[in-house]
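The working numbering numbers the first residue of the sequence shown as 3 and each following residue consecutively.
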Amino acid sequence: MFKHNTLYQPSLAEAGIIAIVTIALLSFLIIGTGWVPHIGIVFVMIGLLLYGRLRDVSYDAMQQAMAKTLMSSVGAVYLFFFIGLLVTALIVSGAMPSLIYYGTELMSPKWFYVSVFLITSIIGISLGSSLTTVATLGAAFMGIGEAFGASAAITAGAVVSGAFLGDKMSPLSDTTSISASIVGIDLFEHIRNMMRTTVPAFILCCAAYAGLSLMGDASQADISKIDAFREALAQTQLVHAYSLIPFAILIALAIFRIPAVMAIIYTSITAMVIAHFTGIGDFTQYGSYFFGGFKPNAEWAPDVVRMLSRGGLESMFFTLTIVLLAVSMGGLLFALGVIPRLLAALANWLSNGRRATVAVASTSILVNVLIGEQYLSILLSGETYKPVYDKLNLARKHLSRTLEDAGTVINPLVPWSVCGVFIAQQLGVSVLAYLPFAFFCYLSVIITLLLPGKENPTQQP
3 MFKHNTLYQP SLAEAGIIAI VTIALLSFLI IGTGWVPHIG IVFVMIGLLL
53 YGRLRDVSYD AMQQAMAKTL MSSVGAVYLF FFIGLLVTAL IVSGAMPSLI
103 YYGTELMSPK WFYVSVFLIT SIIGISLGSS LTTVATLGAA FMGIGEAFGA
153 SAAITAGAVV SGAFLGDKMS PLSDTTSISA SIVGIDLFEH IRNMMRTTVP
203 AFILCCAAYA GLSLMGDASQ ADISKIDAFR EALAQTQLVH AYSLIPFAIL
253 IALAIFRIPA VMAIIYTSIT AMVIAHFTGI GDFTQYGSYF FGGFKPNAEW
303 APDVVRMLSR GGLESMFFTL TIVLLAVSMG GLLFALGVIP RLLAALANWL
353 SNGRRATVAV ASTSILVNVL IGEQYLSILL SGETYKPVYD KLNLARKHLS
403 RTLEDAGTVI NPLVPWSVCG VFIAQQLGVS VLAYLPFAFF CYLSVIITLL
453 LPGKENPTQQ P
């Protein structure tokens, strides 16, 4: 159960001012000036530390609060490390180049965007990890889209929509299980209830991506360029039908509910066994690849070199450092009483199911924007509003659904968030570029807020 301790009790006005200044400063430094998110967060942390000292809060106490909050993201840190290894293994074994090669043969440019959305949704549900889906299948689709002449922003938006639909609806997903457990309901009852918002959002996304597919550049793709790209891939000697085995292993392990990190380890081992037979690189080079990413042959086609130059632990450092900084910033906002005071004010405003839904959604979005961490968004909002739902005699399953609709799927839309930074780095598209096309992420929130009052029956599940 998620708990937080406050070191200072600000007034509502004071907490509101601090929150507004935090958001404004982050927005200006990251979006307005174009600085990397790390610097913006560091400056905000400096401001919060000075504010804490001004309010006579000791530095040691604030440091302990930051360290305690960091423990909530240890799982994500490990996951990022292993994803970096997995991406390298999938490239060296030929799995990713082969998927791109056969994908450009099987997928129709006319229906490209909707195909990307549908396939990433299915694979996302199978894997239960949005970040794994983005780093593997998503990266492959970006390569296919480049061959088709498709918009990188729309392709990335379709990948994000599908990956986070899968993350939201998969029984294997951490966010799905956390949302159900934090409010104390059955996992599959939680998933069934999410269909109320997910199905309409899914249908609208299909229509939107189908329309963009017919209108977009991909439908006018130059087939000769696609053939030339596929030939360049084939010349790398990385393309083999058997190289797709690691993807099959990864999906199979997910179906059997193997933990994400262990599934990634088993898949990486399988991929490296296959790599041994492809003849690309040798054992002495693998260590370099696993740390610094795969280094393609300079004689390969430039498009292929650019697409396959990825993976490795080093590629995760940018994301990992922002996770540590963002969560530390969140710890300060908790410890200094800013977020708890705002939540207390919201709780006093609640009197019915409609207001409860709006409050949960607003809180989840606020925590995502202030902290950039979806787990904390779910945990904090769930713990805060569970007694409120009980007091109003509202079914808790609607609380868990709103946590997902406004917590899980909003995180990739925040430029300085854990998911936003990771996705932008893996797909090579900025958050602000793909945000308008990540339809599922904001349709989920809109539909949740538009549901009629009867969607919140006054009975416990």
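Where is the CB? At the ideal position from N, CA and C, for every residue including glycine.
Since the structure is predicted, the reported quantities are computational estimates derived from the model, not experimental observations.
For this session: From the DSSP output, in three-state form, read off Leu51 for me.
Result: If DSSP states are grouped into helix, strand and coil, Leu51 belongs with the helices.
For this session: Pull up the distance between the alpha-carbon of Met143 and that of Gln237, whole angstroms please.
Result: In the sequence as displayed, the identity of residue 143 is Phe instead of Met. Roughly 20 Å separates the two Cα atoms.
Exercise. Hey, Leu206 and Leu452 are a contact pair by Cβ (cut 8 Å); roughly how many whole angstroms apart?
Worked result: The Cβ separation is near 12 Å, so there is no contact.
For this session: Inspect the CB distances between the region 126-141 and the region 80-88 and report whether three or more fall short of 8 Å.
Result: Put simply, the region 126-141 touches the region 80-88. At least three CB pairs are less than 8 Å apart.
Exercise. Pro202 lies in the alpha helix (DSSP H); which residues open and close that run?
Worked result: Unbroken alpha helix (DSSP H) run through Pro202: Leu189 to Met217.
Exercise. Considering Ala440, what are the terminal residues of the alpha helix (DSSP H) in which it resides?
Worked result: Annotation for Ala440: no alpha helix (DSSP H) segment contains it, and DSSP assigns it neither H nor E.
For this session: Could you say which of Ser317, Leu240 and Leu50 lies nearest to Asn299 if we only look at CA atoms?
Result: For Asn299, the nearest C-alpha among the options comes from Leu240.
Problem set entry | Neighbourhood of Phe114 by C-beta, 6 Å cutoff - its chain only, sequence neighbours within 5 removed | Hits under 6 Å: Phe150, Ala152, Ser215 and Ala220.
Exercise. Under the three-state reduction of DSSP, which class applies to Leu401: helix, strand or coil?
Worked result: In the structure shown, Leu401 sits in a helix (DSSP, three-state: H, G or I).
Exercise. Should Trp351 be labelled buried (16 or more other beta-carbon atoms within 10 Å of its own) or exposed?
Worked result: Residue environment: Trp351 is assigned as exposed (fewer than 16 neighbouring CB atoms within 10 Å of its CB, all protein chains considered).
For this session: Enumerate in chain order the residues of its own chain whose CB-to-CB distance from Ala210 is below 6 Å, with the five nearest sequence positions on each side excluded.
Result: Close CB contacts of Ala210 within its chain, under the 6 Å cut and outside five residues either way in sequence, are with Phe441 (chain order).
For this session: Check Asn7 in the structure and name its three-state DSSP category.
Result: Here Asn7 carries a coil assignment [DSSP, helix/strand/coil].
For this session: Run the CB neighbour count on Met264, radius 10 Å, all protein chains shown included, and call it buried at 16 or more, exposed below.
Result: Within a 10 Å sphere around the beta-carbon of Met264 sit fewer than 16 other beta-carbons, which makes this residue exposed.
Problem set entry | Whether Ile260 touches His40 by CB criterion (8 Å) | Judged by beta-carbon spacing, His40 lies beyond the 8 Å limit of Ile260, meaning their Cβ atoms are not closer than that value.
Exercise. Under 8 Å between C-beta atoms, does Ala91 make it to chain C?
Worked result: Absent here is chain C; the protein component of the structure consists of one chain.
Exercise. Under 8 Å, do Arg403 and Met64 count as touching if we go by C-beta distance?
Worked result: Not closer than 8 Å, so no.
For this session: In angstroms with no decimal places, state the Cα-to-Cα distance between Ser179 and Thr410.
Result: A direct Cα-Cα distance of roughly 12 Å separates Ser179 from Thr410.
Problem set entry | Alpha-carbon to alpha-carbon, Ser110 and Val76 | Cα-Cα distance, rounded: 41 Å.
For this session: Could you pull out every residue in the same chain whose Cβ sits closer than 6 Å to the Cβ of Ala158, ignoring the five residues on either side in sequence?
Result: Beyond the five residues adjoining it in sequence on each side, Ala158 comes within less than 6 Å, by CB distance, of Leu429, Val431 and Tyr436 in the same chain, given in chain order.
Exercise. On the three-pair Cβ rule with 8 Å, is the region 329-347 touching the region 378-392?
Worked result: Result yes; three or more Cβ-Cβ pairs closer than 8 Å.
Exercise. Which value, in whole angstroms, describes the spacing of the CA atoms of Asn354 and Tyr387?
Worked result: Between Asn354 and Tyr387, the C-alpha separation is close to 12 Å.
Exercise. Anyone know if the C-beta pair for Asp392 and Glu148 falls short of 8 Å?
Worked result: In this structure, Glu148 does not lie closer than 8 Å to Asp392 by Cβ.
For this session: Let me know if Ser13 comes out buried or exposed under the rule of 16 or more other beta-carbons within 10 Å of its beta-carbon.
Result: With fewer than 16 other Cβ atoms within 10 Å, it is exposed.
Exercise. DSSP three-state call for Asp284: helix, strand or coil?
Worked result: If DSSP states are grouped into helix, strand and coil, Asp284 belongs with coil.
Problem set entry | Validate contact between the region 307-315 and the region 112-127 using beta carbons, cut 8 Å, 3 pairs | Touching, no.
Problem set entry | Exposure of Glu316, with buried meaning 16 or more beta-carbon neighbours within 10 Å | With fewer than 16 Cβ atoms within 10 Å of its Cβ, Glu316 is classed as exposed.
Exercise. So, using beta-carbon positions, are Arg308 and Tyr103 closer together than 8 Å?
Worked result: Remark: C-beta atoms of Arg308 and Tyr103 do not approach each other more closely than 8 Å.
Problem set entry | the region 363-372 / the region 412-422 touching (three or more Cβ pairs under 8 Å) | The region 363-372, when compared against the region 412-422, does touch it at the 8 Å Cβ threshold.
Exercise. Quick one: complete alpha helix (DSSP H) runs, 4+ long, within the region 29-96?
Worked result: DSSP runs (the alpha helix (DSSP H)) wholly in the region 29-96: 39-56, 61-72 and 76-94.
Exercise. Hey, quick one: how far does the alpha helix (DSSP H) through Asn370 stretch, first residue to last?
Worked result: Asn370: member of the alpha helix (DSSP H) spanning Gly355 to Ile373, first to last residue.
For this session: Using the Cα positions of Asp407 and Thr200, report the straight-line distance between them to the nearest angstrom.
Result: The alpha-carbon atoms of Asp407 and Thr200 are separated by roughly 9 Å.
Problem set entry | Residue burial classification, Asp229 (beta-carbon count within 10 angstroms, cutoff 16) | With fewer than 16 other Cβ atoms within 10 Å, it is exposed.
Problem set entry | Nearest-angstrom Cα separation, counted from Asp284 out to Ala278 | What sits at residue 278 in the sequence shown is His, not Ala. Whole-angstrom Cα-Cα distance: 8 Å.
For this session: Could you please give the first and the last residue of the uninterrupted alpha helix (DSSP H) stretch that includes Ala160?
Result: First-last of the alpha helix (DSSP H) with Ala160: Ala154 to Met171.
For this session: State yes or no: is the C-beta of Gln376 nearer than 7 Å to some heavy atom of the ligand NAD?
Result: This structure simply doesn't include the ligand NAD, nor any ligand for that matter.
Problem set entry | Same chain only: Cβ atoms within 6 Å of Ser175, ignoring 5 sequence neighbours per side | Here the set comprises Gly130 and Asp169.
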